[in-house]
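In the numbering used here, the protein residues as written are 41 to 131.
Here a beta-carbon is modelled for each residue, glycine too, at the ideal position from N, C-alpha and C.
Owing to the predicted nature of the structure, the values given are computational and were not obtained by experimental measurement.
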Amino acid sequence: MLKKLFLLFILLFALVGCDNNFKYDSPKAKEKFLMKLMENNTDMKLQKEYRDILLDLQEKAQTNEEASKQLNEWQEAQLKISKEYLKKMNL
């Protein structure tokens, strides 16, 4: 019985350790972050965070399909927010 519990614990630990931890995993969260970045374009902390996210995803995307998907979502969100922001500025 103790051996089974130990194996279950090891299995759960391994599953948790294999999880991809993306800070902004939903498209809405990405868009919200990008809108905040565009509104506060002098905030160096936000710019660094965005640059670090993209660099990390670009590196991981070569071997990880989920990272590639996340990178594509960031690019799509960037295009969408840029278009919306330009429309807002032209009004």
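Counting along the chain, the unbroken alpha helix (DSSP H) around S108 starts and ends at E105 to N130. Between L126 and W114, the gap from beta carbon to beta carbon reaches 8 Å or more. Secondary structure at Y90: helix, using DSSP grouped into helix, strand and coil. In the structure shown, K70 adopts helical secondary structure according to DSSP, grouped into three states. Here Q102 carries a coil assignment [DSSP, helix/strand/coil]. Contact annotation, K85 with A117: C-beta distance approximately 19 Å; criterion of less than 8 Å not satisfied. If you draw a straight line from the Cα of E106 to the Cα of K63, it is about 13 Å long.
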